[in-house]
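Undergrad: The opening residue of the sequence shown carries number 16 in the working numbering; numbering runs sequentially from there.
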Amino acid sequence: METAIGVFASRERAESAVRDLVRQQVPKDSIIFLSKSESEAVALGKEMGSYAGGFVGGSAGLAGATVASLAIPGIGLVFALGVGATALLGWIGAGTGAAIGKAISTGGGVMEPTTHGQSAEDAAFFREVLNAGRSLIVVRTESLDVAKAACAILDQQGIGMQGHAPGRMEAASRLADGVTVLDVRGRITLGEGNVVLRDIIHGFLDKGSRKILLNLKDVDYVDSAGLGELVRGYTTVRKQGGQLKFLNLSERVRTLLQATGLLAVFEIFDSESAALKSFSA
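Right under this line is the structure:
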């Protein structure tokens, strides 16, 4: 399952992104839109209801673009569009965690346990972005081709990093004070770095490594799939009782994480010694 996350500062950009997603035949049941703005959600819902021929959403489950809403403590009313929007809102509000993919596939019905569940840290990420006054588009799909199309659109329309760093992602691991340090170079993007990073993290966990430090000093480009993979890796390690922290963000990556609200979710260090000590603490 591939995940792409787009963060938007304006309704116009979000509308354009959803419109382009539908034009590129990204299945509407793989898309969820989240916002604190009722007018933004209603306007987008009306447009997409007519454009997409029935962008299903909310608990009503009717043709058209029904807007789901929920009052979430510390945030206020949050509005959502898409199949499974009601279920996803409920889990964000509860902070107990559930799978985005399951939320999308159940159409707002009862959430079922899943090994690929979304933890409370995922919910915290969404809350931070929404509190910052920005909206979110989340695309989850099994198709690599669909994910590529979604990433291209979300990267172009959303708050992201312009341009590509040369070279594919490369990584080397080392042990330091009982912590597995992964030195990453290149770019974390769909079909390249995101899959490699996912496999590496799962490999660490399979070998019993539960303290992981990602050194991103030489990472200059992260696309929407890469952003989703950072969230996925962080929550996967946390769910298995481990810790994943970040070190030496490049200026471009720091700007991206700040714009998307992830700086307030991840534990980030500028000093390796301080990062290593934090695992013991």
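For each residue, glycine too, the CB sits at the ideal point set by N, CA and C.
These numbers were taken from a predicted model, which means no experiment stands behind them.
1. Got a sec? Which residues, its chain only, sit under 6 Å from Gln-172 by beta carbon, not counting five neighbours each side?
2. Which residue marks the beginning of the beta strand (DSSP E) containing Gly-21, and which one marks its end?
3. Leaving out the 5 sequence neighbours to the left and right, which residues in its chain are closer than 7 Å to Asn-146 when beta-carbon positions are compared?
4. Under the DSSP definition of a beta bridge, which residues are partnered with Arg-202?
5. Run the CB neighbour count on Ser-16, radius 10 Å, all protein chains shown included, and call it buried at 16 or more, exposed below.
6. When burial is assigned at 16 or more other CB atoms within 10 Å of the CB, is Arg-189 buried or exposed?
7. In this structure, what does DSSP give as the bridge partners for Leu-229?
8. Give every residue of the same chain whose Cβ lies closer than 8 Å to the Cβ of Glu-157, excluding the five residues on either side of it in the sequence, and list them in chain order.
9. So what does DSSP say about Arg-183, is it helix, strand or coil?
10. Does the beta carbon of Glu-27 come closer than 8 Å to any beta carbon on chain B?
11. Among residues of its own chain, excluding the 5 on either side of Gly-276, which ones have a beta-carbon nearer than 6 Å to its beta-carbon?
12. Going by DSSP in three states, Arg-189 sits in which element: helix, strand or coil?
13. Taking the straight line between their C-alpha atoms, what separation do you get for Leu-104 and Asp-221?
14. With hydrogens ignored, establish whether the beta-carbon of Arg-189 is closer than 7 Å to any heavy atom of the ligand SAH.
15. In three-state terms, what does DSSP make of Val-243?
TA: Taking the structure as given:
1. Translated into positions along the sequence shown, residue 172 becomes position 157. Within the same chain, Gln-172 has close Cβ partners Arg-28, Ser-31 and Ala-32.
2. Against the sequence shown, residue 21 aligns to sequence position 6. Per DSSP, Gly-21 belongs to the beta strand (DSSP E) from 17–23.
3. Counting from one through the sequence shown, the residue named residue 146 turns up at place 131. Closer than 7 Å at the Cβ level, and outside the excluded window around Asn-146, lie Ile-90.
4. Taking the sequence shown and counting its residues from 1, one reaches residue 202 at position 187. DSSP output for Arg-202 lists Tyr-236 as bridge partner(s).
5. For the purposes of this step, residue 16 is identified with residue 1 of the sequence shown, where counting begins at 1. The sequence shown places Met at residue 16, rather than the Ser named in the question. Only exposed fits Met-16, as fewer than 16 other CB atoms lie within 10 angstroms of its CB.
6. On the sequence shown, position 174 is the one that residue 189 refers to. Arg-189 comes out exposed.
7. Walking along the sequence shown from the start, residue 229 turns up at place 214. Answer is Leu-197 and Phe-261, bridged to Leu-229.
8. Along the sequence shown, read from residue 1 onward, the residue named residue 157 stands at position 142. Hits under 8 Å: Met-16 and Glu-17.
9. Walking along the sequence shown from the start, residue 183 turns up at place 168. Reduced to three states, the DSSP call for Arg-183 is coil.
10. The question asks about chain B, but that chain is absent: this structure has only one protein chain.
11. Against the sequence shown, residue 276 aligns to sequence position 261. Only Glu-143, Val-144 and Ala-147 meet the Cβ criterion.
12. Here residue 189 is taken as the residue at index 174 of the sequence shown, counted from 1. Reduced to three states, the DSSP call for Arg-189 is strand.
13. Position 89 of the sequence shown holds residue 104. Position 206 of the sequence shown holds residue 221. Computed Cα separation, rounded: 32 Å.
14. Absence of the ligand SAH is noted for the structure shown, with no ligands found whatsoever.
15. Sequence index remark: in the sequence shown, residue 243 carries index 228 (1-based). Note that residue 243 corresponds to Gly in the displayed sequence, not to Val. Three-state DSSP puts Gly-243 in a helix.
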